[in-house]
Every structure is written in C-alpha cells, then in structure tokens.
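Input: a single structure, listed below in structure tokens.
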Amino acid sequence: MADRREQKTPRRSLSLSKNKKKSGVNTTPITSFFSNPHPPKLPCPLCGQIVPRFAINEHIDLQCNNFERGDSSATPASNIVVSPTSKSSELELIPDEAESKTSPYFKARSSPNVSGEKCDKTVVGTLDLGRLSSKLSRKCTKRNEIKHPDQTRESVDYASNSQKENSESTIDLTTSAQKCTTTTEGFEKATKLSPIHLHPSSSTLSKRKSPDSQKIPSLRKKPKHEASSWTRTLFGKNAAQTTEEPSAPDCNLLSDSNQSSSHVVSDLQAISEAEKNNNNQTVDTSPTQRLPYYLRNFQTVLQAVLQNEDDRRLFNQEDMTLVQAFEKLSVMGQKLYVRLFQRKLKWLQVDKLDYEEICSNLEPVAHELVQGGLLQSENDLHEVAEALELLPAPELKSLAKIFHLGNSGTQKQQLVEGLLRLSKQKSLFSLSQAQNNIGAIILKRAKQLAGSCVRLCRGPRAVFSRILLLFSLTDTMDEEEMAAGGQSQLYTILLVNSGRLAFPGYTVQRTAKVFQDRDDLIRYEASMRTLQEVILAMQSGHWEEASDLYTAAKNDWQHLKESLDLRIIYIIVVCTSHQEELPVFLRSFTAGWAYTRILSRGVEILQRLRRYEEAVSELQSLLLQDVYCPDSRGRWWDRLALNLQQHLKKPEKAICAMRDGLSDPLVRTGHKLSLHQRAVRMRESPSFKKYRLQLRDLPTLDVQDVKHVTIRGQLFPHEGGMGKSRFLVPSNEDDCSDATVICSVEDLSLAHYRQQGFDQGIHGEGSTFSTLFALLLWDIIFMDGISDVFRNPYQTCPLDLYTDCFYENRKEAVESRVQLLKEASVETLHAMLEDVWTSQKGKVCACVNWERFTSLSQAQSLVSCMGGAFLAGVIARMAKDLRHCRGGLPDLVVWNASTYKLVEVKGPSDRLSQKQQIWLDELQKLGADVEVCHVVATGARGSRLK
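So that you can map any letter, position 299 of the sequence shown is 356 in our numbering, and since no number is skipped, the others follow by simple counting.
As structure tokens, then:
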C-alpha cells in the first residue's frame, strides 16, 4: 500500500498558467490553503525584524531603518502623488540587477523632498494604477536611466509606490485615511504648486494580485456615490460632491476622458507627450451638459410655452411665481421634482425612492422641495385612507395586529377596509366628536410606520400640467382615447434629440387663439381629465362608477351653459361664439368638445345598464347641435334608430330617425349604409307591413356586390374556441415536406393565391393604401401657407387631415395631383415614389408604415400593376374624407408582373361590414379585380387546402 501511495501520480495543478514548469514542483493539496493558519508575524524583507503581519506596512513606512526616505516626516507612499521637482512624467522600472536584490515593491525611495524649493516648472503625470509597470520595456528603461538618472530613480519610486498601493490588499482604507491626515502639512505644499489630475481609468485597479497577497474581512467596497477617504483628503468637499453625482457621465470634472493612459507603448517619450497634451486640454463643465435628458426636456417645454405670448397670457402672476420657484431650485431638486411629476399623484415613502443618479440620500433634496412649496411632507398627511394605502403589506399587517384585526392570511385590501371601518367607529368613552381619537391613533401609527413621505402639491403640479398640455395639445388628435396632459411628450423630445425619431419638415404657423383666457384653459383641462376617468372606468368594467362620473360631468356642462349669473352667462356666450368661429380641427381642443365626448360615452354606459329611455333622450340632445363632434353624428343616428326599434319598440319614431339620418349631410359611408340596410330589413319584415309605405319614401343607396370565392383549411383547435381562427398549412421548406405550420386566415389565403400565380402579396388592410396615399401626396400634406394646421414641431400630420377642411384647404393642389396621376406613365409613378422614399424614409407620418413594403422596388412594382388611373381614384376619395375612408379597405393585395387582385378575407362566422361593402363597390367601379375570399374550416381529417 505504501508503494502504491508513493507511485501515485501527483495531484493535478489548479493553476491556469500555461507557462508553469511541471518539473521540480511540490504539489500541495488545495485544502492546505484553508486548513493552515496564517503566521501571526512575518520578517521584514528589508531589515529582517520580526513584526506582526498586519503591521508590516506601517513598519516599512515609519520604522524600518533600511527603508530610505526622502523626507523627515515619513510620509506614506500612498500620499505622494505629485513630484513638483521632476522635469518629466516618464515612469521607469529598475534594472535587472536591482530586481535581483530587492523587489520594486519594496524599493527604497530617493526622491527629493516635497518642499517645492527651486521649482520652476511643474509637471503632472497621469498614472494608470496597476498596469503601467507591466507594459514598460526594460530596454527603454536602461536607455532613459543613462540619460536621466535622477528622473529614473524618482519614477521608479513613483511606480513602486503605486504597485504597493494596488497589490497590498491588507491595507485598510480607514488606516490609509488616518495616515494621510498626519502628513497634511507636507502635502499642502505640493498641492499648492500644481493641480492634481486623475484619469478615469486610474480608478480601475488591476485585478492581478501577487501570490502572497491576502484579503481581510475589514476591507469594504465603497459604493459609487461614496467618496473615498483619500479623495476627500486631497480635494476636500468638492471631491465628495463630485462623487455623489454620477448622473452626468458626459461631464468630466477632473480630466479629459478621451486621453487614456492605458494605451501605454514601450516608447516612454510617447507617454510623456500624451500626458502633456492631456494636461493642456480644457475641461468643459457647462451645466447644460450635466443635466439628464428628462430635466433638459422639461426645461425645453417650459421655455417653448412661456416664450410664446399667446400661451404666456394664460398664466397669471401666481402661476409664474410657482414656475420661478422651480427654476430657483438646485439641480438635484429639479431632477427629483421632474421624476415625481412623471409618476402618479400619490403619497410616496422617501426611503423607497431609488434615484441614484440624483443622490443616494434624498431627504435633504425632498426637504428643499418642501421649503419651496412644491412638495408636501408627512405633516400634511391627514387622511387615514391615504396613510394606509402608503404602507406595504408587512407593515400593514403589523399595524392591524396592534388593533387585533385580520390574521396571517388576510389580504391587504381586507386589512385596509377593516382599519377604515375601525377608524370611523366612535369611542364609548368619548363625550364629543372631537374626543373620538381612534382614527387619529391609527393615522399616527401608520405615519410612524411609513416614515418620511412626500407628495407633490396639487397647485404647482396643475400649473406644470397645463404647460405640458399646451405644448402637446395636438397629440389628442392622434390618440383620441388618451387625455393625459402631455407627459409622454418628454419621451418624444428625448427620441428626437437622440436622433432615433424624426418628424417631417413643415412650417409652424399659429394665428388663431384656441383659449380665450386662463379660465378657458382650466375648464378644458378639467373636462379632459374627467373624460380620461370615464374611459378608464369603462375599460375596467365599472359601469356604476362610470355612470356617476358621466352624471357629474353632465351637470357641470349644464351648469356651465345655463348659469343664472350674468357674468358667467356673458363669458359663456362669448366663449360659445368664439368656439363656433374656430375651424373644426381647432374646435376639438375646447371644453365643449370634451364634454360632448363624455355625453357620447354616457350613451354607451346607459345602454350597458339597460336604461334605454335615458340613452334615447341623450342621443336626441346630442343630435340637436352640430358644433361639437360632427363626425359622430352617423353613429348617433344609427344608435338612436336601433334603440327605438328593438329596445323601446317604437317603429314610427325609428323610421323618423332613419329618415333624418339619411338626409343628414354629415352622415358618411358606413353609417349611412347601415341606416339604409335597417330600413330594408324593416320593409321586408312581416311585422312592419303597415309601415311599408313610410319605408319606401326613405332615401336609398345603390351598392353592388362583388365576386365571392370559398377555400377550405384545416382548423387548428385552440383552447376555449374564442379569438381569431388559426389554420394548419404545409411547410414550404424542402427538407420538411411533412411538416405543417400554424397561420392566420389571411396567411392561408395568401398561400391560396400564391398557387394561382400571384408571386407577391401583402396583408396590410388599410395601411397599404394609406402609405401609397401619403407617398404620392407628401408635399401636399405638409405644404406651407395653411394657418394653424401645424402648431408645434412634433406633429405627425396636419391637424385638419381627418376633417373636411383638409380637402377644402388644398383643393386645387389635390385636384392637380389627381389629374397628374391619371395621365402619369409607369416611369413617372416610379420617379414620384423614389423621390419621396429616398428623401423622407424613416420620418414619422400618421399615414405611412415604412415597413409595409420590403423595399422601394416592391412598392414600385405594385404601382406599376395598379396604374395611375386607379391610384388617382383611390387618392381622390381618401383626400375628401380620410376620417371615414381609412377603414374598410381590403385585407390583401396580391399581384404579379401583369395583374393584381384586391381580396377581402372572411373567416368562419365572419361577415362584411358596411364600410367594407362600400369600399369593395367603389374599388370595383374604379376597375380593380376585387373579390371576397371565404375560408371554411374543416376538421382534422379534412383536406388542408382545396
């Protein structure tokens, strides 16, 4: 057994070094590094004296007799960072002979005293700690040592001290700080002579450690925002402030980050030249470059609105005082306010706010905002419900446990409800309402658990919200359901400034005044916020809450119109006449328009609650006016006829509603056809025989049917059977002939038409035609000379694009372009597309989807097949009424080199809408090959595609 143990192969080394020699190496188990304790004392490598292991550095720096010092104060090596008497910043390594005797790590220093005597020229060197010594050439070292022996010894001393600071990990940071403070007198002289430049890469220490280096538990890694002790000693308070603000990566307060000493070559002269250039560069520390994007964009919005005279008059002196209070805040205070402004208005715990780019401790910053009147503190928290909502679940459970409420499995909402009920109970020993302090006790305990908490003051927040609302007023045209006060505009500005978003070029021309005065703006803001609350309640399914909001808004609108106060009546009359004089695309930014939209939503709410009588009454009142929301009149007439016929069983009134709706010039396309089809169904129904004469007198519409085809596909069974149908088709890959893929009904139809010889196809619905519409009319859409259609530089389309004013304002230009398209050749059409595609590609436009076509050549090939006459007819119809004509276009466009086809795809249990029927008839009249493709689902055993 002993022989086997001796013949056993040595343990494999765990070292990653490829140059390690295998011969003569004593293999030691790795467990020995953990089992053997470190010696408590070590011999000094210079004098041989036995000293405690953790005091060896202090012994070498202060007590060792063989360690030569250049000054009498025994300054630690880590403190000397600048040698004012040196004439060059070149760093040298000692020759091989010196390395054989003493390691450069413990090399004695022979630099002159840091007294600054006879110092005519100061040279500051930038040192990349822990990397420079391994990159310098020995050959170059010897050459420069012969030329400059004094500088060589000084450089060796500098490099050895740097290595000592990086490699000796047993030095505690706090001990180093204490040593640094003991030699302040000698160091102050050095700092007065020359500035100290620290390179950013010098803070990154080398990760290569010496084999004998050991770590101790007391070594603590400092966070990014905490200034190190030696930095505070060197630079005082400024250094601490600099390290507390990492939010400006583009601002370098100490040295230019473009010059990096890590690019060290063997030529020491090149290093010296690079350091001299680095010291001569000027550092740009302008405040605007240090500001984060959200604060810069917020300030941009404030300046853009308040510098406009028409917008500035909508704010009184009190509002401007609040804006000035924000401008007087410190940079950190402004950052925190903008961050909180972008969040939901509610109480927030300060210790839960995590904005490291602002400050690690937000308490003093929040206190500054409280002193400025922009923020509320916990002293302003008086509602028990708000205090309970502030607490997280664990703290809420501990609070409920004090009052013996709930158990470990109780939900947070149940605990809140229980505490609220308890707070409203009266005490048995209270003689008056003032003595009932159960709620006060709960509030006090909740505030103690919450700690420091803040909330934005409503007054200043409302002012800034109105400023953002004015700046992003036109966004409501693109997103009708979003009634936010323009806070998303900050992100848009960020994308524009970073070059990731570009808007078309146009001229902003503002002439009309949308808001008469400050009160008019406040009324519009209040109505838009109410509209947003109604929409959110409807989307959440809270119909009773939505009904209450609708009723309150209706009362406010009635009070605004019918107040008996003479002053308010005068204001309302003036405002109403002013709003009627505005063009319809600016009228949408008035309080009357917003309240009308709320009332229209109220009709849907009442129908959901089966209150049809009230819904009919509301519809009739909406149809009595045509100032606000005229594009909704078709939907109102259609809904009124449905309620009167089906729910209230009043056919005569329903016929009258259909007659008035068909005669209304503001009822367009699909809604007009819907009223006509309802009248036809009533006329053909036996239940309405006695009303046939009245129904015959109604206006009629002539809509021709188109070709219908039917294909079959294997239906993919999905869970629940709800949603869009999915189908299985064979894979096109050659190596997977038996494989199948899951696709939509449109993809199944594309595969069918591909088999018929149409090698190209797009499933784009209306976006295919709207993209062609914008590409062929780009210069007309964004033409100059039309007032108030462009009111800020961040618009994706003119404000009148979806109104009748678009065609009226550009009638001559549109008709001229339509005539040009009719007579245009294929080469002309290609040139028109190429001109716009190459000059405008990527810019945000409401009608263009740049990804709809894979390339310009694909768009040109489709235009070649369609021809100029067909495109002219489609564009003329869309230009006259884009609001109602942008929907209902066919799903698929398939074509080859000679012909094209427009296809509307209908899956199982799907049928054509009124808008689709009108568009198919219109496209067929223009000469297009149009058909409806019905997809019939088969079972798993049926054919996949027939």
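All C-beta atoms in this analysis are idealised placements derived from N, C-alpha and C, irrespective of residue type, glycine included.
In the structure shown, what three-state DSSP assignment does W404 receive?
-> Numbered from 1 along the sequence shown, position 347 holds the residue referred to as residue 404. Note: W404 maps to coil in three-state DSSP.
Tell me which same chain residues have a C-beta within less than 6 Å of the C-beta of L878, skipping the five on either side of it?
-> To locate residue 878, count along the sequence shown from 1; it is residue 821. Answer for L878: G925, L928, A929, listed in chain order.
Under 8 Å Cβ to Cβ from R557, same chain only, skipping five residues before and after it: list those, please.
-> Taking the sequence shown and counting its residues from 1, one reaches residue 557 at position 500. Excluding positions up to five away in sequence, the list is empty.
Have a look at Y581, P722, A933, W694 and flag the residue whose alpha-carbon is nearest the alpha-carbon of R735.
-> Translated into the one-based positions of the sequence shown, residue 735 becomes position 678. With distances taken between Cα atoms, R735 lies closest to W694.
DSSP puts S801 in a beta bridge; with which residues?
-> Position 744 of the sequence shown, counting from 1, holds the residue named residue 801. R783.
How is R512 classed by DSSP in three states: helix, strand or coil?
-> The sequence position of residue 512 within the sequence shown is 455, counting from 1. Shown here, R512 sits in a strand according to DSSP, grouped into three states.
Rounded C-beta distance between L701 and K707? I'm assuming under 8 Å.
-> The sequence position of residue 701 within the sequence shown is 644, counting from 1. The sequence position of residue 707 within the sequence shown is 650, counting from 1. Going by Cβ atoms, the distance from L701 to K707 rounds to 5 Å, so yes, they are a contact pair.
Taking the CB atoms as reference points, tell me whether C514 and L456 lie closer together than 8 Å.
-> Counted from its first residue, the sequence shown places residue 514 at position 457. Counted from its first residue, the sequence shown places residue 456 at position 399. Not a contact, by the Cβ cut-off of 8 Å.
Cβ contact (3+ pairs, closer than 8 Å) linking the region 843-859 and the region 901-911 | yes
Over the uninterrupted alpha helix (DSSP H) stretch that includes Y957, give me the two end residues.
-> Against the sequence shown, residue 957 aligns to sequence position 900. Unbroken run through Y957 is the beta strand (DSSP E), 957-963; no alpha helix (DSSP H).
With DSSP collapsed to three states, give me the class of R769.
-> Taking the first residue of the sequence shown as 1, we reach residue 769 at position 712. If DSSP states are grouped into helix, strand and coil, R769 belongs with the strands.
Please look up how many angstroms separate the CB atoms of V931 and P947, rounded, as I've assumed it's under 8 Å.
-> For the purposes of this step, residue 931 is taken as the residue at position 874 of the sequence shown. For the purposes of this step, residue 947 is taken as the residue at position 890 of the sequence shown. Not quite, the Cβ-Cβ distance comes to about 11 Å (not below 8 Å), so this is no contact.
According to the Cβ coordinates, are P100 and R110 closer than 8 Å?
-> Here residue 100 refers to the residue found at position 43 when the sequence shown is read from its first residue. Here residue 110 refers to the residue found at position 53 when the sequence shown is read from its first residue. Not closer than 8 Å, so no.
Could you name the residues of the same chain whose beta carbon sits closer than 7 Å to that of S720, not counting the 5 residues immediately before and after it, in chain order?
-> If you number the sequence shown from 1, residue 720 lands on position 663. For S720, where only same-chain residues beyond five positions count, the Cβ hits under 7 Å are P756.
From E803 to L949, what distance separates their C-alpha atoms?
-> Within the sequence shown, numbered from 1, the residue matching residue 803 stands at position 746. Within the sequence shown, numbered from 1, the residue matching residue 949 stands at position 892. The straight-line gap from Cα to Cα measures roughly 8 Å.
Is there contact here, the region 856-875 with the region 910-920, by at least three beta-carbon pairs under 8 Å?
-> no
Starting from the C-beta of G463, find all residues in its chain whose C-beta is less than 8 Å away, skip the five residues before and the five after it, and write them out in chain order.
-> As a position in the sequence shown, residue 463 is number 406, starting the count at 1. Taken in chain order, the residues that qualify are K454, A457, Q471, L472, G475.
For D368, count neighbouring Cβ atoms within 10 angstroms of its own Cβ and tell me buried if that reaches 16, exposed if not.
-> As a working note, residue 368 is residue 311 in the sequence shown. Burial call: buried.
Return the chain-ordered list of same chain residues with a C-beta closer than 6 Å to the C-beta of F839, the five sequence neighbours on each side being excluded.
-> What you label residue 839 is simply residue 782 of the sequence shown in a count that begins at 1. Here the set comprises P561, Y563.
At least 3 beta-carbon pairs within less than 8 Å: the region 504-518 vs the region 428-444 = The region 504-518, when compared against the region 428-444, does touch it at the 8 Å Cβ threshold.
Taking G814 as the reference, give the member of Y957, H116, A711 with the closest Cα.
-> Counting from 1 along the sequence shown, the entry for residue 814 is found at position 757. Of the listed residues, the one whose Cα sits closest to G814 is Y957.
Take K392 as the anchor and find which of G727, E638, R353, L552 has the nearest alpha-carbon.
-> For the purposes of this step, residue 392 is taken as residue 335 along the sequence shown, with counting starting at 1. Here the closest residue by C-alpha is R353.
Helix or strand or just coil, what does DSSP make of L949?
-> Position 892 of the sequence shown, counted from the first residue, corresponds to residue 949. Strand.
Option in T797, H616, L588 with minimal Cα separation from L606 | Within the sequence shown, numbered from 1, the residue matching residue 606 stands at position 549. Selected option, being the one with the closest Cα: L588.
Coarse secondary structure for P109, derived from DSSP in three states = Here residue 109 corresponds to residue number 52 of the sequence shown, with the count starting at 1. Secondary structure at P109: strand, using DSSP grouped into helix, strand and coil.
For A714, is the classification buried or exposed, using 16 other Cβ atoms within 10 angstroms of its Cβ as the cut-off for buried?
-> Start at 1 with the first residue of the sequence shown, and residue 714 comes out as number 657. Buried is the call here.
Just list the alpha helix (DSSP H) runs in the region 845-905, keeping only unbroken ones of 4 residues or longer that don't cross its boundaries, in chain order.
-> 862-866, 868-880, 883-897
When the Cα atoms are used, what is the spatial distance from D754 to E671?
-> Here residue 754 refers to the residue found at position 697 when the sequence shown is read from its first residue. Here residue 671 refers to the residue found at position 614 when the sequence shown is read from its first residue. Cα to Cα, the separation comes out at about 29 Å.
Which residues mark the beginning and the end of the beta strand (DSSP E) in which P100 is found?
-> Taking the sequence shown and counting its residues from 1, the one referred to as residue 100 is at position 43. For P100, the enclosing beta strand (DSSP E) covers residues 98-100.
Just grab the DSSP bridge partners of G818 for me.
-> Here residue 818 refers to the residue found at position 761 when the sequence shown is read from its first residue. Looking at the DSSP assignment, G818 forms a beta bridge with V951.
Nearest-angstrom Cβ-Cβ length linking R523 and E590, presumed shorter than 8 Å = Looking up residue 523 in the sequence shown gives position 466. Looking up residue 590 in the sequence shown gives position 533. Actually they do not touch by this definition, with Cβ atoms about 18 Å apart.
So, V407 versus E420, is the Cβ gap smaller than 8 Å?
-> Indexing the sequence shown from 1 puts residue 407 at position 350. Indexing the sequence shown from 1 puts residue 420 at position 363. Contact flag set, yes.
Which residue from H733, N373, S806 puts its Cα closest to that of I579?
-> The sequence position of residue 579 within the sequence shown is 522, counting from 1. It is N373.
Around the C-beta of V786, are 16 or more other C-beta atoms found within 10 angstroms, so that it is buried, or is it exposed?
-> Here residue 786 refers to the residue found at position 729 of the sequence shown. With 16 or more other Cβ atoms within 10 Å, it is buried.
Counting pairs of Cβ atoms below 8 Å between the region 765-773 and the region 722-738, do you hit three or more?
-> no
Does the region 878-897 come within contact of the region 824-838, defined as at least 3 CB pairs closer than 8 Å?
-> A contact between stretches requires three or more CB pairs, one per stretch, nearer than 8 Å, and the region 878-897 meets this requirement with the region 824-838.
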